[in-house]
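Report on the structure given below.
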Amino acid sequence: MPNSTPHQYVLLRNGRVLDPSSNLDVTGDVLVANGVIEHAGAPLGDVRRDGDLVEIDCAGQVVSPGFVDVHCHLREPGREDVETIATGARAAAAGGFTAVCAMPNTDPVTDNQAAVGFIIRQAMRAAAARVYPIGAISVGQKGEALAEFGEMIGAGAVAVSDDGKPVASAQLMRTALEYARTFEIPVADHCEEPTLAKGGAMNEGVVSARLGLKGIPSEAEEIMVIRDILLARRTGGHVHLCHMSTRTSVELIRWGKDRNIRVTAEVCPHHLSLTEESVEGYNTNAKMNPPLRTAEDVEYLKQAVKDGTIDLVATDHAPHHYDEKEREFSDAPNGIIGLETALAVMVTNLVEPGIISYATLVDRMSCSPARIFHLPGGTLRRGSVADITVFDPAARWSVDPATFLSKGRNTPYAGMSLTGRATCTIVGGRIVYRLTS
Amino acid sequence: MNSPHLGKDLLGLEELTAAKIQLLLDTAEPFKEISLRAIKKVPTLRGATIVNLFFEPSTRTRISFEFAEKRLSADTVNVASAGSSVSKGETLVDTARNLEAMKIDMVVVRHAASGAARFLAQRIESNVINAGDGTHEHPTQGLLDMLTLRDHFKRLEGLRVCICGDVLHSRVARSNIWGLQKMGAEVAICGPRSLLPNHVESLGVHVFRRIEEAIEWADALNILRLQLERMQGGYIPSLREYNRVFGVTREKLERAPRDILIMHPGPMNRGVEIDSDVADGPHSVILDQVTNGVAVRMAVLYLLAGGNPALAEAAKG
């Protein structure tokens, strides 16, 4: 359970203080006072304050701005048996996330201000990671009529998306991008051309040909990626492309960025670490949408994280009940959990092999998502909210889903040995998670 | 139980070695004769309980298995999805566990989902035989096709077999491809590109675009049923056009450089993928395939139940 006792002062000693937003990378201290950053950088020496001060030795660990996940599914309301906002927020904190954005494909759909308000209230009760609702683009996510963006944003929504379903109508997408400009929020799209993807259960390729499973071609994603980029160019709106999975998507995003079109994009840790081969044996914990692609796609995505074509890493945390995954592959639901493995998957697959630095990791998991979604946090600058992640970059651990704080257990990483683990998560100066050995 | 010769299950030909395929075909040979007797029954599997679990409609495969089981004196129960607890929403794994609790020995399963047989096999102790899973495999069909080819040509090695038609929706195709390749045959496929799986070349097959090229190349054509129930997807413009471009007709066969063996796993759409005078013609072994199906399934049941291949002749009783 998270320790939510507030302390007036928190002093993080002797860590590697790493904040790309302020070009900071020194061994030193971070001092939090009354929920905001008072100091981040050089060692402070003797610190005395009137009031409650807790001191944590961070030697050998990285102290960074708290991770921000702009894409997760917390299932409440509707499927509280699978995850609740409270369990999701606690899982987030355990994974080093100080803030998460909850996608609106709940039941009922988060497509109005009352639903947004409900999520915010539940998150406050949970008192773990911050939870920001994302409102639906269309009423009921039916792809027909625009939902009330203004009302939802007024109630606390930070973006709009019909994630889980693509916006099939180009006209609706165009209108959403135009209307969202009024509020300067991103429109996050699940890029999938529905007629090409229909009935597909995995990547269309050599493995699907062998297993006799209907495939989803990479073009199902890429056609929507270029459509959205062109609509962003036409409208001047900010399109954020969810869970990119293919090489050509990366090339199209690069094309858009080169022309100063307002396009940002995310990738999930699983698309950076696993290939379609993981589906072998009809492993439903490797079933997701978009599907796991080829080794070539994975390499391109890694390079795109490195060079910034892909702006940020998001988990697409998607818990399912075990018996929903315990069925025939084609009938099993898509998605895996990711909040508690994201950091380790990134360290193991991108940092340890030397593809990206820890500074890039922190930028893609914290600074960049906070900046793109206009959220507090993502920095250790003096006066900022004290949302901080402390992680042990060398911690080697074996993934045991039974120990997760999420209700979900559906992970393809079960039993794998990974490196890197959050040891302390601080939200607004409050310690919400500490790893116990 | 784990068979010393086959392992626990028969899920597909992809995972079988050439030696095991050879063993299955050789074991099927002595069982052919039982079907020719006046009393078509031997006591080999007396006391064994076998459940035929058919989640998809099937007539010939289910009957063929049932004949094989009964001719070996096993006790059989047929479960079809319509009218069963499956139609009430019971999951496959719950169905399997309930059957298991009734202490059965083997399950023959047909299911619309690729991988369903493997899914079942991983969760129950009984032997599982895949009688067709989605668009993945139909191993006993592959075996009976090979047995029929071997009967006719006296060999499989070096044979050129072309699988024609709707490979996309076929489970027979993969079992044939893997089985024949392991036995040293060359395999090609031919059909409209819209009815071939993307990346099918990765399975090591030649791809002919025109049926005339296939006829010129092949020793045998295995002509697949055009799955009319799946054609709403607009995979081909019309059945008429399909017959004209890809249908196997006597006229096209007459231009072949050699006699070509004609096979079809059935049921046939006469006048679509195969014309009647080809299906009923002198080179057709379509009914021999059906006959061989029973013998092959008897061999599978016998070996999975722990039967000794060296004693297969004696097992005839």
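Protein sequences appear in the order of chains W and B. Note that the working numbering has the first sequence beginning at 1, numbered continuously upward. Note that the working numbering has the second sequence beginning at 1001, numbered continuously upward. C-beta: ideal position from N, C-alpha, C; glycine also.
Contact check, residue i vs residue j, beta carbons under 8 Å
i: W:PHE391; j: W:GLU340; result: no
i: W:ALA344; j: W:THR419; result: yes
i: B:ALA1305; j: B:LEU1045; result: yes
i: B:ALA1113; j: W:GLU299; result: no
i: B:LEU1013; j: B:ARG1118; result: no
i: B:VAL1296; j: B:ALA1028; result: yes
i: W:PRO217; j: W:HIS190; result: no
i: B:SER1202; j: W:VAL206; result: yes
i: W:ARG227; j: W:THR309; result: no
i: W:ILE372; j: W:PRO133; result: no
i: W:GLU266; j: W:ALA314; result: yes
i: W:GLY88; j: W:ASP111; result: no
i: W:GLU76; j: W:GLN122; result: yes
i: W:ASN203; j: W:LEU272; result: no
Under the three-state DSSP convention, the category residue i falls into
i: B:LEU1016; result: coil
i: W:MET346; result: helix
i: W:THR246; result: coil
i: W:MET103; result: coil
i: W:ASN3; result: Note that W:ASN3 scores 47 on pLDDT, short of 50, meaning its location in the model is unreliable; the coordinates nonetheless yield the value given after this. Three-state result, W:ASN3: coil.
i: W:ALA136; result: coil
i: W:GLY199; result: coil
i: W:PHE404; result: coil
i: B:THR1076; result: strand
i: W:THR419; result: strand
i: W:MET152; result: helix
i: B:ASP1277; result: helix
i: B:LEU1011; result: coil
i: B:MET1001; result: coil
i: W:ILE37; result: strand
i: B:LEU1221; result: strand
i: B:ASN1308; result: coil
Neighbourhood of residue i by C-beta, 7 Å cutoff - its chain only, sequence neighbours within 5 removed
i: W:CYS58; result: LEU12, ARG13, ASN14, GLY15, VAL390
i: B:MET1268; result: ARG1225, ILE1274, ALA1279
i: W:MET1; result: Confidence at W:MET1 is low in this model, with a pLDDT of 40, below 50, so the placement of that residue should be treated as unreliable; the coordinate-derived value is given next. Within the same chain, W:MET1 has no close Cβ partners at all.
i: B:LYS1252; result: ILE1211, GLU1212, ILE1215
i: W:LYS306; result: ILE355, ILE356, THR360
i: W:THR425; result: GLY66, ALA93, GLY96, THR98, THR389, VAL432, TYR433
i: W:PRO393; result: VAL62, VAL347, TYR358, GLY420
i: W:PRO20; result: ALA359, VAL362, ASP363, CYS367
i: B:ARG1150; result: LEU1025, LEU1156
i: B:ALA1256; result: ILE1215, GLU1216
i: B:PHE1065; result: ASN1052, VAL1108, ALA1131, ARG1297
i: W:ILE261; result: ILE229, ALA232, ARG233
Endpoints, alpha helix (DSSP H) assigned at residue i
i: W:ILE120; result: 113–126
i: B:GLU1251; result: 1250–1253
i: B:MET1196; result: Residue 1196 of chain B is actually Leu in this sequence, not Met. Careful: B:LEU1196 lies outside any alpha helix (DSSP H) and carries neither H nor E.
i: W:VAL225; result: 218–235
i: B:HIS1152; result: 1139–1153
i: B:ILE1063; result: 1060–1071
Element boundaries [beta strand (DSSP E), containing residue i]
i: W:THR389; result: 388–398
i: W:SER438; result: Nothing about residue 438 of chain W can be reported from this structure: the residues present for chain W run from 1 to 437 only.
i: B:ILE1262; result: 1261–1263
i: B:ALA1131; result: 1127–1133
i: B:ILE1163; result: 1160–1164
i: W:ASP19; result: 9–19
i: W:TYR433; result: 430–434
Neighbourhood of residue i by C-beta distance below 6 Å, restricted to the same chain and skipping five residues each side
i: B:HIS1138; result: GLY1132, ARG1171, VAL1172, SER1175
i: W:ALA91; result: LEU339, GLU340, LEU405, SER406
i: W:ASN289; result: ASN334
Residue i: CB within 7 Å of a non-hydrogen atom of the ligand MG
i: B:VAL1077; result: No copy of the ligand MG occurs in the structure displayed, which carries no ligand at all.
Sequence-distant residues of its chain with Cβ nearer than 8 Å to residue i (five each side left out)
i: W:ASN3; result: Confidence is the limiting factor: at W:ASN3 the pLDDT is only 47, short of 50, which leaves the residue's position unreliable, though a coordinate-based value still follows. Here the set comprises ILE431, VAL432, TYR433, ARG434.
i: W:TYR231; result: Reading off the sequence, residue 231 of chain W comes out as Leu, not Tyr. Closer than 8 Å at Cβ, skipping near neighbours: ALA170, MET173, ARG174, LEU177, GLY237, VAL239.
i: B:LEU1196; result: VAL1167, LEU1168, ILE1189, VAL1207
### Task
Mind checking the segment 322–337 of chain W against chain B and listing, in chain order, the residues whose C-beta falls within less than 7 Å of any C-beta there?
GLU326, ARG327, GLU328, PHE329, SER330, ASP331
### Task
Can you give me, in chain order, the residues of the segment 1185–1211 of chain B that have a beta carbon less than 8 Å from any beta carbon in chain W?
PRO1197, ASN1198, HIS1199, VAL1200, SER1202, LEU1203
### Query
For the segment 1134–1158 of chain B, which residues have a beta carbon sitting closer than 8 Å to at least one beta carbon of chain W?
GLY1134, THR1135, HIS1136, GLU1137
#### Entry: Interfacial residues, the segment 1096–1116 of chain B to chain W, with Cβ spacing under 9 Å
HIS1111, ALA1112, ALA1113, SER1114, GLY1115, ALA1116
### Message
Which residues of the segment 272–287 of chain W have a Cβ closer than 8 Å to any Cβ of chain B? Give them in chain order.
### Response
GLY281, TYR282
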